[in-house]
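Q: Input: one structure, supplied below.
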Amino acid sequence: MLEGKTQWSGLAHSKQKNLLYGIICYFILLFAYTGGSKLIDIDPLYTSLRNTPLYFGKSLALIISWGLPAVEIATALSLCFSKFRYTGLICAGILIFVFIMYTGWIVIFPMQQPCSCGGILAEMSWKQHFLFNLFSEALALSGIYLLSPPKKLSR
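See the structure below:
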């Protein structure tokens, strides 16, 4: 899954490769699971978006309720192919950052807002969800750093 591209030549240590492999697998599983869960039962996401304190009209809520799971699944798929892996990690970082902003808003301004993540993630409290997102963002940034081509020193 990780071999065959020159971007791996910069990773000198197998521990770094293993860490990057773990990060990539984490995001593939996370986004395939959450995106798939949302697509299987789209109504809770739509209702959640309609009831959010940030006003989403019916049409915007509908677009986001279909678009978000599609982007999550596309991100998971991009991480499966070495040619798109760096872009996939960038997308993962952006998605998680948006989720941090949203969950942070809910934590700072408490309200009865159901989580529409699907599956076991929906069982987390908003504070747990916020911490989970912070952890995920740290992983995304670490993956981006590890996959970045090595910088050449100029003399």
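Offset between the sequence shown (1-based) and the numbering used here: plus 1. We put the beta carbon where it would ideally sit given N, CA and C, even for glycine. For clarity, every value in this text was computed on a predicted model and none was experimentally measured.
1. Provide the residue span of the alpha helix (DSSP H) that contains N45, from first to last.
2. Roughly how many whole angstroms lie between the Cα atoms of T35 and L132?
3. In three-state DSSP terms, what is P111?
4. Using three-state DSSP, classify P150 as helix, strand or coil.
5. Grouping DSSP H, G and I as helix and E and B as strand, with all else coil, what is F82?
6. For S117, which of helix, strand or coil comes out of DSSP?
7. Tell me whether the beta-carbon of E138 lies closer than 8 Å to the beta-carbon of I101.
8. Can you tell me the Cβ-Cβ gap for S126 and K39, rounded? I've got them flagged as a contact below 8 Å.
9. To the nearest angstrom, report how far apart P150 and S66 are at their CA atoms.
10. Roughly how many whole angstroms lie between the Cα atoms of F85 and E73?
11. Could you give the first and the last residue of the continuous alpha helix (DSSP H) run that contains W38?
12. Would you kindly check if the distance between the Cβ of L63 and the Cβ of Y47 is under 8 Å?
13. What's the C-alpha gap between K59 and T53?
14. So, at 8 Å on beta carbons, what are the nonlocal neighbours of L148 in its own chain, with the 5 sequence-adjacent residues on each side left out?
15. Report all residues from its chain with a CB closer than 8 Å to the CB of P111; omit the five preceding and five following residues, and keep chain order.
16. Can you check which of these residues, I121, V99 and E124, is closest to N134 by C-alpha distance?
A: To lay it out plainly:
1. The residue asked about is misnamed: residue 45 is Pro in this sequence, not Asn. Its alpha helix (DSSP H) spans residues D44 to N52.
2. 17 Å
3. coil
4. coil
5. coil
6. coil
7. yes
8. About 20 Å; that fails the 8 Å criterion.
9. 35 Å
10. 14 Å
11. The question names Trp, but residue 38 in the sequence shown is Ser. Annotation: the continuous alpha helix (DSSP H) that includes S38 extends over S15 to I41.
12. yes
13. Separation of K59 and T53 (C-alpha to C-alpha, rounded to the nearest whole angstrom) is 12 Å.
14. Correct list, in chain order: Q8, L21, R86, Y87 and L90.
15. W127
16. Ranking the options by Cα distance to N134, first place goes to V99.
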